[in-house]
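Asks: Residue numbers (the UniProt record's numbering): 1 to 433. For every residue, glycine included, the Cβ atom is placed at its ideal position computed from N, Cα and C.
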């Protein structure tokens, strides 16, 4: 069973992908809540000294029925572990399709928690994700006009969160508008009660600044289930946090990476990751994944890349140089051409499998730190390295902390595609000094 030496565990987070899990875990720790992240649903007893447990799943783009079943298993595990509050964490750009999976999972968790209405709150203002009149913005662009409209798996072509939810879920959505949000938590709570009495099942929350997140959190702190991006966790964490700052700093220190050979793996094809890769290419050794060789010459190509990566990582560490980069990051036109030539699913699965196998191989050869861009890539690498639990360390950028395996010398920075500045890969390595 799970025990706590600090305070009773109160919050159980169900995250729909690996980078999203570290995203919210980082905000919880930064705002004073001791947190441990688990890689998948444990199949054996786990002892955790923490106020919050984050379970990272891979349910963002799998079939909806599978996502629902996995999320319910995670909820039941967390409930048995003593959690009495639950948080379904999805991406701040609401990554989903017409079939799900945000809507179906939210419905299932509402039923499990016997709760009539869930808030929908993906906003993360510090990273430019805001909601106004129910429309999700990425900085000054509507979601449907941002780079997310070209996402190869979950293209977001509608910015209206109410419509998106109603298309994939089984209830009606209402809006808690800015005119309500700006009056604070008590008025927000009244509006949520109104929507519940009207029979609404989802409440889309307008959010333009961090103070709005704090007020929303205060209005829903006693609800068994909330759903959102990582931003709402800032407010919840501040309401949950202990006053023991030494304890909170110690929790973050446990996740700090140690100096050692490092490798960057980039599978994301987001606009920001493309910029980050292009910024980093002149600074360090790099190779782009050859999809044709990946598909047609798998074992030999994998061995070649492993040898190159481990040699370059060790040499860079010994000489104090930036870590080498392997990347499958490409522009929308390049992604489209690859999908047409090889099939979208076949190409994606081959690349992610290659990254996972490569990471496992170079770890055996001494690489101890991995900087990874992309949710699917992060998931594949984490699973291949058989990491069961992480300590959460310092944040490299908002929503992207370093994490460290609880059972060995292995650290990872798991970056969602659009997070971080152009210099993110270099910035991450500053923590290895």
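#1: Work out the CA separation of residue 315 and residue 34 for me, nearest whole Å.
#2: Rounded to the nearest angstrom, how far is the Cβ of residue 225 from that of residue 115, given a contact under 8 Å?
#3: So, is residue 300 buried or exposed, given that buried needs 16 or more other C-beta atoms within 10 angstroms?
#4: Short check: CB of residue 122 to CB of residue 228, under 8 Å?
#5: Buried or exposed: residue 139, going by 16 or more other Cβ atoms within 10 Å of its Cβ?
#6: Figure out for me which residue from 168, 61, 321, 62 has the closest Cα to the Cα of residue 98.
#7: From 419, 429, 430, 399, pick the residue whose C-alpha is nearest to that of residue 22; which is it?
#8: Tell me whether residue 320 is buried or exposed, calling it buried when 16 or more other Cβ atoms sit within 10 Å of its Cβ.
#9: From 358, 177, 334, pick the residue whose C-alpha is nearest to that of residue 347; which is it?
#10: Could you round the C-beta distance between residue 12 and residue 78 to whole angstroms and report it? I think they count as a contact, below 8 Å.
#11: Straight-line CA distance for residue 104 to residue 117?
#12: In chain order, what are the residue ranges of uninterrupted alpha helix (DSSP H) at least 4 long that sit wholly in the stretch 149–177?
#13: If you check the beta carbons only, do residue 100 and residue 50 fall under 8 Å apart?
#14: By a C-beta neighbour count over all protein chains shown, 10 Å radius and 16 as the cutoff for buried, is residue 304 buried or exposed?
#15: Using the C-alpha atoms, what's the distance from residue 197 back to residue 508?
#16: Given a cut-off of 8 Å on the beta-carbon distance, is the pair residue 434 and residue 352 in contact?
#17: Pick out whichever of 142, 119, 264, 208 has its Cα sitting closest to the Cα of residue 200.
#18: Using 8 Å for Cβ pairs, my map puts residue 452 next to residue 216. What's the rounded Cβ distance?
#19: State yes or no: is the C-beta of residue 255 within less than 8 Å of the C-beta of residue 369?
#20: What did DSSP end up calling residue 432 once you bin it into helix, strand or coil?
#21: May I have the straight-line CA-CA distance separating residue 273 from residue 59, to the nearest angstrom?
#22: Who are residue 75's beta bridge partners in DSSP?
#23: For the beta strand (DSSP E) that contains residue 405, what are its first and last residues?
#24: Spatial neighbours of residue 125 within its chain, please: C-beta separation below 6 Å, excluding the five flanking residues on both sides.
#25: Give me the Cα-Cα distance between residue 142 and residue 164, rounded to the nearest whole angstrom.
#26: So is residue 7 buried or exposed if we call it buried at 16+ other beta carbons inside 10 Å?
Replies: On the basis of the data shown:
#1: 36 Å
#2: 5 Å
#3: exposed
#4: It is a contact, given that the beta carbons lie within the stated cut-off.
#5: exposed
#6: Taking only the C-alpha atoms, the option nearest residue 98 is 168.
#7: Selected option, being the one with the closest Cα: 399.
#8: exposed
#9: 334
#10: 3 Å
#11: 14 Å
#12: 161–168
#13: no
#14: exposed
#15: The requested residue 508 does not occur in the structure, where the chain is confined to residues 1 to 433.
#16: For the chain, the structure presents residues 1 to 433; residue 434 sits outside this window and is missing.
#17: Considering only alpha carbons, the answer is 119.
#18: Nothing about residue 452 can be read from this structure; the chain reaches only from 1 to 433.
#19: no
#20: Under the three-state reduction of DSSP, residue 432 is assigned to helix.
#21: 22 Å
#22: DSSP lists no partner for residue 75.
#23: 400–405
#24: Excluding positions up to five away in sequence, the list reads 209, 210.
#25: 14 Å
#26: At residue 7, the pLDDT of 42 sits below 50, so the modelled position is not reliable; the number obtained from the coordinates is stated separately. Residue 7 should be labelled exposed.
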